[in-house]
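Undergrad:
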Amino acid sequence: MISLMTSFGIGMVDGVIENSPKITKNDVIPRKLASTIYDNNGTAMQTLVKSGSNRINIKDYNTIPVDLINAFVAIEDSRFWDHNGVDLQGIARAAYVGLTSGKFSEGASTITQQLIKNSVFSDWLSENSFGASLERKLQEQYLSIYLEKTMDKKDILLNYLNTINLGSNSLGVASASKRYFNKEYTELNLSESVILAAITNNPTKYNPINHPEENLNRCKKILSDMYEQGYITEEQEKSALDVLTQDKDNTYQTIAAINETYTNTVNVYSYFTDALIKQVIEDLQTYRGYTETQAYQLLYSGGLQIYTTLDQEIQGIVEEEVNNVVYYPSEVTEYSCNFTLTITHPDKTTSIYTEADLKAYYKKKDSSFQFVKKTKADLNKVINDYAKAVRKNDDKSEVTSISYTLQPQVSFVIMEQESGYVRGVAGGRGEKNTSLSLNRATSSLRQPGSTFKTLAAFAPAIDIQGNTLSTVYNDAPYSVNGKKFSNYWGNEYFGYSNIRQSIEYSMNIVALKCMNETVGIDLAYQYLENFGFTSLVDSKKTSTGVVSDKTPSLCLGGLTYGVTNLQNTAAYATIANKGVYHRPVFYTKILDQDGNTLISNENPESRTVIKETTAFLLTNAMQDVMNGDNYPGSNYLSATGKQANVEGISLAGKTGTTTSKKDIWFVGYSPYYTAGIWSGYDDNKSISNSENYHKKIWASVMRRVHEIKNKTTKTFEQPNGIVKVKVCKKYWKVGNRRSL
327 MISLMTSFGI
337 GMVDGVIENS
347 PKITKNDVIP
357 RKLASTIYDN
367 NGTAMQTLVK
377 SGSNRINIKD
387 YNTIPVDLIN
397 AFVAIEDSRF
407 WDHNGVDLQG
417 IARAAYVGLT
427 SGKFSEGAST
437 ITQQLIKNSV
447 FSDWLSENSF
457 GASLERKLQE
467 QYLSIYLEKT
477 MDKKDILLNY
487 LNTINLGSNS
497 LGVASASKRY
507 FNKEYTELNL
517 SESVILAAIT
527 NNPTKYNPIN
537 HPEENLNRCK
547 KILSDMYEQG
557 YITEEQEKSA
567 LDVLTQDKDN
577 TYQTIAAINE
587 TYTNTVNVYS
597 YFTDALIKQV
607 IEDLQTYRGY
617 TETQAYQLLY
627 SGGLQIYTTL
637 DQEIQGIVEE
647 EVNNVVYYPS
657 EVTEYSCNFT
667 LTITHPDKTT
677 SIYTEADLKA
687 YYKKKDSSFQ
697 FVKKTKADLN
707 KVINDYAKAV
717 RKNDDKSEVT
727 SISYTLQPQV
737 SFVIMEQESG
747 YVRGVAGGRG
757 EKNTSLSLNR
767 ATSSLRQPGS
777 TFKTLAAFAP
787 AIDIQGNTLS
797 TVYNDAPYSV
807 NGKKFSNYWG
817 NEYFGYSNIR
827 QSIEYSMNIV
837 ALKCMNETVG
847 IDLAYQYLEN
857 FGFTSLVDSK
867 KTSTGVVSDK
877 TPSLCLGGLT
887 YGVTNLQNTA
897 AYATIANKGV
907 YHRPVFYTKI
917 LDQDGNTLIS
927 NENPESRTVI
937 KETTAFLLTN
947 AMQDVMNGDN
957 YPGSNYLSAT
967 GKQANVEGIS
977 LAGKTGTTTS
987 KKDIWFVGYS
997 PYYTAGIWSG
1007 YDDNKSISNS
1017 ENYHKKIWAS
1027 VMRRVHEIKN
1037 KTTKTFEQPN
1047 GIVKVKVCKK
1057 YWKVGNRRSL
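Start counting the sequence shown at 327; every next residue gets the next number (my numbering).
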């Protein structure tokens, strides 16, 4: 009988071992790592993590402080340097406790076993039976012995220190060092090392932020063990305890102070980071073949190193100027809000209402209703009135969340035209409260207005249709297919006017005639696509019929959906870059956790859209937008971009204003940078007055950026192929030689 039972037991163990996972050294190397974002100077500025993935890998064992190594070995596996992966003395002790209590203690697990458990048996917490726990323990022991035959002890310890859960969403000692002490792991002292080692046994119970007393008690044991095992002297033990327990500036007080700063500063991504994340996920799918889910997982837990185009000096200037209240007259400053209203009924069921429900309710009564008010108190009153309207009988109402947004809003993009590198982005003004929130610079589609005149009408007309800046069209009443058009200033017309004047004074009729009579709608549309606009509609069926952006008013920016500020800025950067389009990029390269290049943008996608001579002529005309005089014979029609001009810097640009002033733009450039600003209400309310504030913001950003970067001397270079000639202002005829 005894022989039979022994054989059965041996057979069972053999079966468990035979069913063990097949592993290699790579299986214990941690893979779920935080990705790091660097600015254009290579300075780490942010990490991207998801729950359970905040890990920074240490790659060189020799960089780990000796006290940190010894603290973990002393408390977790004092015989680590001597055993073969399994501590037989510890097993005997654990077996006795397990058989008498029915619960197997983890106290006998060696560091090697813990590494196997965390890497290979990561779902061990879900075990719900003694048998499952015993099977896993036997397989752990078998695999630990195997691993120690194939991997050096130092490598095992290195991977263990990169793998362990140290609480507060920190995996590994390098991540925990940043989280608790705001320092590199290489800088940890003895007291800090034992604090981290104390967490391992129970990351919740021994968390130094939430339970400093519990952590301290375990630190005392670790220091005692280190002394008994010969790792530190008695004097070192006492000194470390003093640092941990002193009344003022002890280590736990330092951790608490760092945690308060950490909580207040790291949770919300910047608008640049929001845009970067979007582009990285898209590019991983496009250029590396990942699915969206795979791209997301790689970004947030793949340990990527993302080198961005962000210039923190420029970004700081953009944010300061966009949020400077001086530019926004009081008469145009208002608020909108998002809220959640919870109605609790007598039977304890609830109904949820939001701002969308409120708007729909009031628009049924008044189609012109807009949920924008001068003060937050005014908004609150509307919400309270709405709550009264939807409450019934004994219902109770509560506004469970509310956030206010300044109106009108603004977005800003600044990029280098020669590279396509985006150097700064503002997706809105006011406090940013959430990550991956609405980014008005890269996601909001708005009507581009007159900024499209240059791109859809005059660029193709000059580029391939033989027009010059002196080509004239009759500024007179005009209609296409029965639709009448006028200039933005009203029904006064100025007769024969040339393309240069149309750009300078933003003349609708000249642009319309140029596109419809010379260029053609299809060619204009094609040029816009080449300029990088991806949100245009060729033809689309909707519930109300077929919609298309191929209309006679295309050059006035009347679109089905609109364009983003990023698209518009990149289009004008094409003109600034002598006719060559660069895809706007937010990063230069992405490296995997081993330093291999996944994607490189160091030579971003580019294509020639217009000839260099065309680009120069458009630039020359748009310089007049910023420093020209009144239209000849007019006392009110002046160059539209004067408020954006900056003395001492060569600038060119174009204004854009849509019907009823729902969208206002200025997009322009110097020989160094291209920048675009948009402003308007999120719900398309008209801007009542002071529509020039956005030009002043643009000018201030460009002035400060060029000054801080010491880039003010360069001028726009005239290419070969441009000939200057005199033109008769009365008949717009060339005197003796045709202008190219």
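Glycine included, C-beta positions come from ideal geometry on N, C-alpha and C.
(1) Between which two residues does the alpha helix (DSSP H) harbouring LYS479 extend?
(2) When burial is assigned at 16 or more other CB atoms within 10 Å of the CB, is TYR887 buried or exposed?
(3) Measure from the alpha carbon of GLY308 to the alpha carbon of each residue in LYS988, PHE942, SER976, LEU924, then state which is nearest.
(4) How would you write the range of the alpha helix (DSSP H) that LYS1127 sits in, first residue to last?
(5) Just list the beta strand (DSSP E) runs in the segment 724-786, keeping only unbroken ones of 3 residues or longer that don't cross its boundaries, in chain order.
(6) Of the residues SER1026, CYS1054, ASN1018, which one's Cα is nearest the Cα of PRO655?
(7) Using the Cβ count rule (16 or more neighbours within 10 Å means buried), how would you classify ARG909?
(8) Which residue wins for smallest C-alpha separation from VAL672, given the options LEU771, VAL889, LYS718?
(9) Measuring straight from C-alpha to C-alpha, what distance separates TYR613 and ASN953?
(10) Whole alpha helix (DSSP H) runs in the segment 838-903 with 4 or more residues, listed along the chain?
(11) Using only CA atoms, which one of ASP683, ILE603, ASN903 lies nearest to SER745?
(12) Evaluate PRO803 with the Cβ neighbour count: other Cβ atoms within 10 Å of its Cβ, from every protein chain shown; 16 or more gives buried, anything less gives exposed.
(13) Less than 8 Å between the beta carbons of VAL889 and ARG772, yes or no?
(14) Check whether the segment 578-589 and the segment 621-628 are in contact - that is, three or more C-beta pairs closer than 8 Å.
(15) With distance defined between alpha-carbon atoms, name the residue in THR676, ALA713, GLY994, GLU402 nearest to LYS685.
(16) Look up GLU657 in the DSSP assignment and say whether it is helix, strand or coil.
(17) With H, G and I counted as helix, E and B as strand and the rest as coil, what does DSSP make of TYR622?
(18) Given a cut-off of 8 Å on the beta-carbon distance, is the pair TYR387 and LYS480 in contact?
(19) Expressed to the nearest angstrom, what Euclidean distance is found between the alpha-carbon atoms of VAL727 and GLY821?
(20) Since ASP276 is in the alpha helix (DSSP H), which residue starts that stretch and which ends it?
(21) Please list the terminal residues of the continuous alpha helix (DSSP H) segment that includes ILE916.
(22) Work out the CA separation of GLU657 and THR701 for me, nearest whole Å.
(23) Report yes if the CB atom of ASN664 is closer than 8 Å to the CB atom of SER729, and no otherwise.
(24) DSSP three-state label for SER404, please.
(25) Check LYS722 in the structure and name its three-state DSSP category.
(26) Considering only DSSP beta bridges, list what GLN372 is partnered with.
(27) Is the beta carbon of LEU1068 sitting closer than 8 Å to the one on TYR913?
(28) Figure out for me which residue from CYS545, ASN807, GLY979, GLU510 has the closest Cα to the Cα of ARG826.
(29) Quick check on this structure: which residue in PHE398, GLU563, TYR472 has the alpha carbon closest to the alpha carbon of LEU492?
(30) Looking at the secondary structure, which residues open and close the alpha helix (DSSP H) in which ASN543 lies?
(31) If you measure from the beta carbon of TYR597 to each beta carbon in chain C, is any gap under 8 Å?
(32) Under the rule that 16 or more other beta-carbon atoms within 10 Å means buried, what is GLU647, buried or exposed?
(33) Whole angstroms are fine: how far does the CA of GLY756 sit from the CA of VAL1068?
(34) Hey, would you say ASN533 sits closer than 8 Å to ILE525, going by beta carbons?
(35) From ASN971 to THR1041, what does the alpha carbon distance come to, in whole angstroms?
(36) Which of the three DSSP states, helix, strand or coil, is assigned to GLU432?
TA: To lay it out plainly:
(1) Boundaries of the alpha helix (DSSP H) around LYS479: 479-489.
(2) If you draw a 10 Å sphere on the C-beta of TYR887, you find fewer than 16 other C-beta atoms in it, and that means exposed.
(3) Because the chain spans 327 through 1066 in this model, residue 308 falls outside it and cannot be assessed.
(4) Summary: the structure shown does not reach residue 1127, with the chain confined to residues 327 through 1066, and so no result is reported for it.
(5) Entirely contained in the segment 724-786, the beta strand (DSSP E) runs reaching 3 residues are, in chain order, 735-742, 748-752.
(6) Checked all of SER1026, CYS1054, ASN1018; the closest Cα to PRO655 is ASN1018.
(7) ARG909 comes out exposed.
(8) Residue identity check: residue 672 is Pro in the sequence provided, not Val. Closest in C-alpha terms to PRO672, from the list LEU771, VAL889, LYS718, comes LYS718.
(9) Distance between the alpha carbons of TYR613 and ASN953 is about 44 Å.
(10) If we require 4 residues or more, the alpha helix (DSSP H) runs fully inside the segment 838-903 come out as 847-856, 891-902.
(11) Nearest C-alpha to SER745: ASN903.
(12) Flag for PRO803 reads exposed.
(13) Taking 8 Å as the Cβ cut-off, VAL889 and ARG772 qualify as a contacting pair.
(14) No contact exists between the segment 578-589 and the segment 621-628.
(15) With distances taken between Cα atoms, LYS685 lies closest to ALA713.
(16) If DSSP states are grouped into helix, strand and coil, GLU657 belongs with the helices.
(17) If DSSP states are grouped into helix, strand and coil, TYR622 belongs with the helices.
(18) Their beta carbons are under 8 Å apart, which means TYR387 touches LYS480 by this criterion.
(19) In the sequence on display, residue 727 carries Ser and not Val. For SER727 and GLY821, the distance between alpha carbons rounds to 58 Å.
(20) Because residue 276 is not part of the residues shown, which for the chain are 327 to 1066, the question remains open.
(21) Segment 913-917 is the beta strand (DSSP E) holding ILE916; no alpha helix (DSSP H) there.
(22) Each residue's alpha carbon lies about 12 Å from the other.
(23) Taking 8 Å as the cut-off, the Cβ atoms of ASN664 and SER729 count as close.
(24) Reduced to three states, the DSSP call for SER404 is coil.
(25) Strand.
(26) Bridge partners of GLN372: ILE363.
(27) The structure shown does not extend to residue 1068, since the chain is modelled only from 327 through 1066, so no value can be given for it.
(28) Ranking CYS545, ASN807, GLY979, GLU510 by Cα distance to ARG826 puts GLY979 first.
(29) The residue with the shortest Cα to Cα distance from LEU492 is PHE398.
(30) Its alpha helix (DSSP H) spans residues 538-554.
(31) No chain C appears in this structure, which consists of one protein chain only.
(32) Result: buried.
(33) The requested residue 1068 is not part of the displayed model; the chain covers only 327 to 1066.
(34) In this structure, ASN533 sits near ILE525, with a CB-CB distance shorter than 8 Å.
(35) Near 15 Å, if we compare the C-alpha coordinates of THR1041 and ASN971.
(36) Low per-residue confidence applies at GLU432: pLDDT is 46, beneath 50, and the placement is therefore not dependable, though the value from the model is reported in the following sentence. Correct three-state label for GLU432: helix.
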